[in-house]
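Before any comments, here is the structure.
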Amino acid sequence: MSDHEYTPKSKVGKWFNDRLPLLTLANHLTDYPTPKNLNYWWTFGGILTFCLITQIVTGLVLAMHYIAHADMAFQSVEHIMRDVNYGWLIRYIHANGASMFFLAVYIHIFRSLFYGSYKSPREVIWIIGIIIYLLMMAAAFLGYVLPWGQMSFWGATVITNLFSAIPLVGEGIVTWLWGGYSVDNPTLTRFFTLHYLIPFLILGLVVLHIWALHVPGNNNPVGIDIKKPSKDTVPFHPYIVIKDGFALLMFMIVFAFFVFYTPNILGHADNYIEANPLVTPAHIVPEWYLLPFYAILRSVPDKLLGVIAMLSAILILAALPWLDTSKIRSAVFRPLYKQFYWILVADVLILGYVGAMPAEGLYLLIARIATAYYFLHFLVVLPVLGFKERTTPVPLSITEPILGGSPNLAAVKKKDSFKDQ
Amino acid sequence: MEKKTKRRDFLFTATYAVGAVGAGAVIWPMIDQMNPDASVKALASTEVDVSTVTPGKTITVLWRGKPVFIRRRTPEEIAEAKSVKLEELKHPEKDEDRAKDPEWLVMLGVCTHLGCVPLDQKGDYNGWFCPCHGSHYDTSGRIRKGPAPTNMEIPEYKFVNANTIKIG
Numbered sequence: 000m001s002d003h004e005y006t007p008k009s010k011v012g013k014w015f016n017d018r019l020p021l022l023t024l025a026n027h028l029t030d031y032p033t034p035k036n037l038n039y040w041w042t043f044g045g046i047l048t049f050c051l052i053t054q055i056v057t058g059l060v061l062a063m064h065y066i067a068h069a070d071m072a073f074q075s076v077e078h079i080m081r082d083v084n085y086g087w088l089i090r091y092i093h094a095n096g097a098s099m100f101f102l103a104v105y106i107h108i109f110r111s112l113f114y115g116s117y118k119s120p121r122e123v124i125w126i127i128g129i130i131i132y133l134l135m136m137a138a139a140f141l142g143y144v145l146p147w148g149q150m151s152f153w154g155a156t157v158i159t160n161l162f163s164a165i166p167l168v169g170e171g172i173v174t175w176l177w178g179g180y181s182v183d184n185p186t187l188t189r190f191f192t193l194h195y196l197i198p199f200l201i202l203g204l205v206v207l208h209i210w211a212l213h214v215p216g217n218n219n220p221v222g223i224d225i226k227k228p229s230k231d232t233v234p235f236h237p238y239i240v241i242k243d244g245f246a247l248l249m250f251m252i253v254f255a256f257f258v259f260y261t262p263n264i265l266g267h268a269d270n271y272i273e274a275n276p277l278v279t280p281a282h283i284v285p286e287w288y289l290l291p292f293y294a295i296l297r298s299v300p301d302k303l304l305g306v307i308a309m310l311s312a313i314l315i316l317a318a319l320p321w322l323d324t325s326k327i328r329s330a331v332f333r334p335l336y337k338q339f340y341w342i343l344v345a346d347v348l349i350l351g352y353v354g355a356m357p358a359e360g361l362y363l364l365i366a367r368i369a370t371a372y373y374f375l376h377f378l379v380v381l382p383v384l385g386f387k388e389r390t391t392p393v394p395l396s397i398t399e400p401i402l403g404g405s406p407n408l409a410a411v412k413k414k415d416s417f418k419d420q
Numbered sequence: 000m001e002k003k004t005k006r007r008d009f010l011f012t013a014t015y016a017v018g019a020v021g022a023g024a025v026i027w028p029m030i031d032q033m034n035p036d037a038s039v040k041a042l043a044s045t046e047v048d049v050s051t052v053t054p055g056k057t058i059t060v061l062w063r064g065k066p067v068f069i070r071r072r073t074p075e076e077i078a079e080a081k082s083v084k085l086e087e088l089k090h091p092e093k094d095e096d097r098a099k100d101p102e103w104l105v106m107l108g109v110c111t112h113l114g115c116v117p118l119d120q121k122g123d124y125n126g127w128f129c130p131c132h133g134s135h136y137d138t139s140g141r142i143r144k145g146p147a148p149t150n151m152e153i154p155e156y157k158f159v160n161a162n163t164i165k166i167g
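Quick mapping for you: the protein sequence lines, in order, are chains A and B. Once you know that position 195 of the first sequence is 194 in numbering that gives the first Met the number 0, the rest is easy, because the numbers rise by one and skip nothing. Once you know that position 163 of the second sequence is 162 in numbering that gives the first Met the number 0, the rest is easy, because the numbers rise by one and skip nothing.
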């Protein structure tokens, strides 16, 4: 929190702030000291907030025209596309917005992995983030079912059937989730309800995520603890607001490209065929952002173990702050970790690719190797690396790498004076 | 310090217990409302006319929202199903137990892996093949290869007369 006491200037402001300190909060958010070396990878938090609000606003509008009934859902989506004023635009923003949301969240997560943002004292921020990510996947899955196309129906069937892998109670749980003996109207209505609820749960968790962030403050590319406020920090407003705003504009260009030029490229043509419980599409694949986990599910030849492997692949992330034994946060000073980091990135991309391919032959073999490596990275490489790796010297402050090597004596002197602060 | 059960401890425990029962009584209806309702359960049986089904032909009917395969098997298929040794099976079941009348195989057309509808007359065992995750079933609908854990399920059914099967 801000280190100085804040008093509103106006009398009314003071009167109100004494009763509900909203102005103190606003002041904290604008003055919030931020490391001055944050690069563009740090702008995705703001971009994700934008994505969430976009999904909530467009979703709210779509819900005014959508009908959650097995006989009418598909027609009502076509009605939105053809009849409702700008319905096509709102739906395409919502559908592509989901993909953009995941694109941003993956960059955000891999930013954390590279710069060690999950490490002490930021474990709680990280775990809240993982919960948000899980809820995002749930919301995306539930939302994908609502148009009641073939992919909606069979995606819902396959994913809910994952629960049937649980011994003894699995079948009962699946029937309970369906509200019947197959995915049908009761399933659709409850999925719509939950799809409407989850974004607001995410919103609440985002508040906690930011609150937990504002306790220790931002990590930074150098990964060292810095004094706040100091010469190493700048106030959030206007510095970070402008930088985040610029990055958001760039992101919106990509977003708009998908919405206006190729709105269906991330979807499946089969979902423009109405749900038919008698025919399964020849090739079922989930949306691109779930493919790596789908590849892990399919790489295990046993039903229960496959489901366990897929869930573990996500939940293992929550244990990351304790699996990574290195005290150095930023990969910049970890020559070996840096290489393993990029191998992991490649591994996840490979998993995503084979997840989209049929589960046979060479693809299956690659999926199995990549799955094994995924777990190896977290369970073996990271714990061992913390003890074995020789890290390079970490600077004492953010300004040191810039001014430390300077022949300018005055600058070096100045640097020393920073340390004393 | 010696631990003594006081009257207050008893009151606390009793209060928690009553509170827990009360909470449970409120939560259960909230959970159970999601289970199949009366109208869903009412559709529990279906009668199917099979007079047009010739040997080597399969019809698919909807029962409880799920596809049911009704296949009139050819003598070769029956022979193939009967010749398999039980030790070779992942989920050992005799063909006689699955098809009471060997000519008629009536089973849920639902892959036991994750619930897709397998394709007829496909796969390595001349039975069914699930396109989703590659499970192969034989001419008796038994799992032979792939991730599915069990054979395709046989629903309760009976011949009402020579041409009509009642499922459920």
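Beta carbons: idealized from backbone N, C-alpha and C, even for Gly.
Reduced DSSP category for residue i - H, G, I as helix; E, B as strand; rest coil
i: A:K414; result: Residue confidence for A:K414 is low, a pLDDT of 48 falling below 50, so the modelled location carries little weight; the figure read from the coordinates is stated next. A:K414 falls in the helix class under three-state DSSP.
i: A:G148; result: strand
i: A:N263; result: coil
i: B:S134; result: strand
i: A:T159; result: helix
i: A:P185; result: helix
i: B:S50; result: coil
i: A:M0; result: Bear in mind that the predicted position of A:M0 carries a pLDDT of just 44, short of 50, making it too unreliable to give a figure here.
i: B:E79; result: helix
i: B:I164; result: strand
Inter-residue spacing [alpha-carbon to alpha-carbon] between residue i and residue j
i: A:L314; j: A:L112; result: 15 Å
i: B:T4; j: A:E122; result: 42 Å
i: A:Q420; j: A:V233; result: Since pLDDT at A:Q420 reaches only 39, below the 50 mark, its modelled position is unreliable, and the value read off the structure follows with that caveat. Roughly 16 Å between the two C-alpha positions.
i: A:D323; j: A:A164; result: 31 Å
i: A:P300; j: B:N150; result: 16 Å
i: A:P345; j: A:W41; result: Note that residue 345 of chain A is Ala in the sequence shown here, rather than Pro. Approximately 22 Å between the Cα atoms of the pair.
i: A:H376; j: A:V278; result: 40 Å
i: A:V56; j: A:A25; result: 24 Å
i: A:Y5; j: A:N218; result: 25 Å
i: A:L204; j: A:A317; result: 15 Å
i: A:I131; j: B:V109; result: 34 Å
i: B:G23; j: B:I30; result: 10 Å
i: A:H208; j: A:P34; result: 18 Å
i: A:K8; j: A:H107; result: 38 Å
i: A:A358; j: A:A281; result: 13 Å
i: A:V221; j: A:Y39; result: 14 Å
i: B:F158; j: B:D119; result: 23 Å
i: B:S139; j: B:P101; result: 10 Å
i: A:I368; j: A:L350; result: 9 Å
Residue environment, residue i, which counts as buried when at least 16 other CB atoms sit within 10 Å
i: A:M99; result: buried
i: A:F257; result: buried
i: A:G115; result: buried
i: B:N162; result: exposed
i: A:S416; result: Model confidence at A:S416 stands at a pLDDT of 46, short of 50, so the residue's coordinates are unreliable; what they give is reported in the following sentence. With fewer than 16 other Cβ atoms within 10 Å, it is exposed.
i: A:T156; result: buried
i: A:P146; result: buried
i: A:T53; result: buried
i: B:T12; result: exposed
i: A:A103; result: buried
Among the options, the one whose alpha carbon lies nearest that of residue i
i: A:I504; options: A:T390, A:L290, A:S298, A:V104; result: Outside the shown range of chain A, which is 0 to 420, sits residue 504 of chain A, and nothing can be said about it.
i: A:G45; options: A:E4, A:L88, A:G244, A:L335; result: A:G244
i: B:D96; options: B:A19, B:R7, B:F11, B:I153; result: B:I153
i: B:K40; options: B:A147, B:K165, B:V52, B:R63; result: B:R63
i: A:N270; options: A:Y180, A:F73, A:W177, A:V206; result: A:F73
i: A:E388; options: A:L212, A:K326, A:I397; result: A:K326
i: B:G122; options: B:Y136, B:V116, B:T111, B:C131; result: B:Y136
i: A:L381; options: A:Y91, A:F339, A:L303; result: A:F339
Proximal residues of chain A, C-beta to C-beta of residue i below 9 Å
i: B:K65; result: Y180, S181, P276
i: B:P148; result: A164, D301, K302, L303
7 Å Cβ cut-off: residues of chain A touching residue i
i: B:V116; result: L277, V278, T279
Chain-ordered chain B contacts of residue i [CB-CB under 8 Å]
i: A:A428; result: Because chain A is modelled from 0 through 420, residue 428 of chain A falls outside the range shown and cannot be assessed.
i: A:N160; result: H112, L113, G114
Chain B residues whose Cβ lies nearer than 9 Å to that of residue i
i: A:H282; result: P130, C131
i: A:W153; result: G114, C115, V116, C131
i: A:R189; result: M33
i: A:V157; result: H112, L113, G114, C115, C131, H132
i: A:L350; result: Residues of chain B passing the Cβ test: none, with the nearest at roughly 16 Å.
i: A:P185; result: M33, P35, D36, V39
Amino acids of chain A, ordered along the chain, whose beta-carbon sits closer than 8 Å to that of residue i
i: B:T59; result: L277
Beta-carbon neighbours of residue i, restricted to chain B and to distances below 7 Å
i: A:W175; result: M33, N34
i: A:R297; result: H132
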